[in-house]
Amino acid sequence: KQEVTQIPAALSVPEGENLVLNCSFTDSAIYNLQWFRQDPGKGLTSLLLIQSSQREQTSGRLNASLDKSSGRSTLYIAASQPGDSATYLCAVCSNTGKLIFGQGTTLQVKP
Amino acid sequence: DTGVSQNPRHKITKRGQNVTFRCDPISEHNRLYWYRQTLGQGPEFLTYFQNEAQLEKSRLLSDRFSAERPKGSFSTLEIQRTEQGDSAMYLCASSLTGGANEQFFGPGTRLTVL
């Protein structure tokens, strides 16, 4: 059974810091991996998708990496801003298409 | 706006009542997914459709839950005889089949069972 774990559960940093969020999964047979952002009481916004054959994806200040063999992904946020404060969710996609999520990392960026 | 939409956004009901939620996916997407998210947890998969066919159901989806996608466009999720444990955010997502298979989520329906 696929299990996804995110560490840390919560993170507080001062504005301007670079930070790394971690995601690990137990079964390397994944189709792809997605990182999402969720603001309180809202739906999910897709940030980055990495196909199983890829190593990383970049969008603006965000960079996500994938190491299937070790069952790990990281989301790197450069020069954090207060507007980055949210919960970040990692999800692995099985070959049937369903997503299996971690519990999320709640990020607070202090001005 | 051409994103995924869900209605209603909020629903408060009394225990034992039936509720129905609607999801309208992105128009060209043939896959539609339902997830449930409780406070402080990541979303959990409930079921998904490819066009009008329901291809997989989680064991979380008890016999009080039923989902339909009659014409392969919008979908409904009905919960009968609601219980307090059904209180959660119900999220809908859609995607194309194959390829990147990126899922796009709607804003969710927040259900509170009193």
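Note that the protein sequences, when read in sequence, are chains S and U. The numbering of the first sequence is my numbering, which starts it at 1 and goes up by one. The numbering of the second sequence is my numbering, which starts it at 1 and goes up by one. The C-beta atom is built at its ideal place from N, Cα and C for all residues, glycine as well.
Between residue i and the rest of its own chain, which residues show a CB-CB distance below 7 Å, the 5 nearest in sequence each way excluded?
| i | result |
| --- | --- |
| residue 87 of chain U | 111, 112, 113 |
| residue 52 of chain S | 30, 31, 32, 68 |
| residue 83 of chain U | 15, 113 |
| residue 102 of chain U | 95 |
| residue 7 of chain S | 22 |
| residue 19 of chain S | 11, 13, 77, 80 |
Quick one, which of the options has its alpha-carbon nearest residue i's?
| i | options | result |
| --- | --- | --- |
| residue 12 of chain U | U:93, U:105, U:79 | U:79 |
| residue 89 of chain S | S:101, S:83, S:74, S:111 | S:101 |
| residue 24 of chain U | U:85, U:64, U:77, U:81 | U:77 |
| residue 58 of chain S | S:94, S:43, S:35 | S:35 |
| residue 4 of chain U | U:31, U:55, U:68 | U:31 |
| residue 55 of chain U | S:95, S:111, S:1, S:103 | S:95 |
| residue 54 of chain S | S:41, S:38, S:66 | S:66 |
| residue 21 of chain U | U:7, U:33, U:27 | U:7 |
| residue 170 of chain S | S:56, S:26, S:39, S:2 | A query on residue 170 of chain S cannot be resolved here, the shown segment of chain S reaching from 1 to 111 and no further. |
| residue 49 of chain U | U:67, U:28, U:17 | U:67 |
At 8 Å on the CB atoms, spell out the chain U contacts of residue i, in chain order.
| i | result |
| --- | --- |
| residue 60 of chain S | Going along chain U, no residue has its Cβ under 8 Å from residue 60 of chain S, so there is no contact; the nearest lies around 17 Å. |
Counting only Cβ pairs nearer than 8 Å, list the residues of chain S close to residue i.
| i | result |
| --- | --- |
| residue 105 of chain U | 36, 43, 44, 45, 46 |
| residue 91 of chain U | 43, 44 |
| residue 31 of chain U | 97 |
Counting contacts by CB-CB distance shorter than 8 Å, is residue i in contact with chain S?
| i | result |
| --- | --- |
| residue 54 of chain U | no |
| residue 72 of chain U | no |
| residue 59 of chain U | no |
| residue 45 of chain U | yes |
| residue 41 of chain U | yes |
| residue 108 of chain U | yes |
Any idea what DSSP makes of residue i, helix, strand or coil?
| i | result |
| --- | --- |
| residue 67 of chain S | strand |
| residue 14 of chain S | strand |
| residue 6 of chain S | strand |
| residue 84 of chain S | helix |
| residue 86 of chain U | helix |
| residue 63 of chain U | coil |
| residue 15 of chain U | coil |
| residue 114 of chain S | As shown, chain S starts at 1 and ends at 111. That puts residue 114 of chain S outside it, with no answer to give. |
| residue 56 of chain S | strand |
| residue 110 of chain U | strand |
| residue 72 of chain S | strand |
| residue 53 of chain U | strand |
| residue 32 of chain U | strand |
| residue 96 of chain U | coil |
| residue 39 of chain U | coil |
| residue 51 of chain S | strand |
Might you give, ordered along the chain, the residues of its own chain that have their beta carbon closer than 8 Å to the beta carbon of residue i, omitting 5 neighbours on each side?
| i | result |
| --- | --- |
| residue 85 of chain S | 107, 108, 109 |
| residue 9 of chain U | 107, 108, 109, 110 |
| residue 58 of chain U | 44, 45, 46, 47 |
So, for residue i: in the same chain, excluding its five sequence neighbours on each side, which residues have a beta-carbon less than 6 Å away from its beta-carbon?
| i | result |
| --- | --- |
| residue 24 of chain S | 5, 71, 72 |
| residue 43 of chain U | 35, 37, 91 |
| residue 17 of chain S | 80 |
| residue 65 of chain U | 79 |
From the beta carbon of residue i, is the nearest beta carbon of chain U less than 8 Å away?
| i | result |
| --- | --- |
| residue 49 of chain S | yes |
| residue 77 of chain S | no |
Name the chain U residues that come within less than 7 Å of residue i, Cβ to Cβ?
| i | result |
| --- | --- |
| residue 93 of chain S | 101 |
| residue 104 of chain S | 42 |
Just checking: is the beta-carbon of residue i within a distance shorter than 8 Å of some beta-carbon in chain A?
| i | result |
| --- | --- |
| residue 8 of chain U | Of the chains in the structure shown, none is chain A; the protein chains are S and U. |
Residue i touches chain S at which residues, Cβ-Cβ below 9 Å?
| i | result |
| --- | --- |
| residue 84 of chain U | By Cβ distance, chain S contributes nothing, its closest Cβ being about 19 Å from residue 84 of chain U, past 9 Å. |
Strictly below 9 Å CB to CB, what residues from chain U border residue i?
| i | result |
| --- | --- |
| residue 89 of chain S | 42, 43 |
| residue 100 of chain S | 42, 44, 45 |
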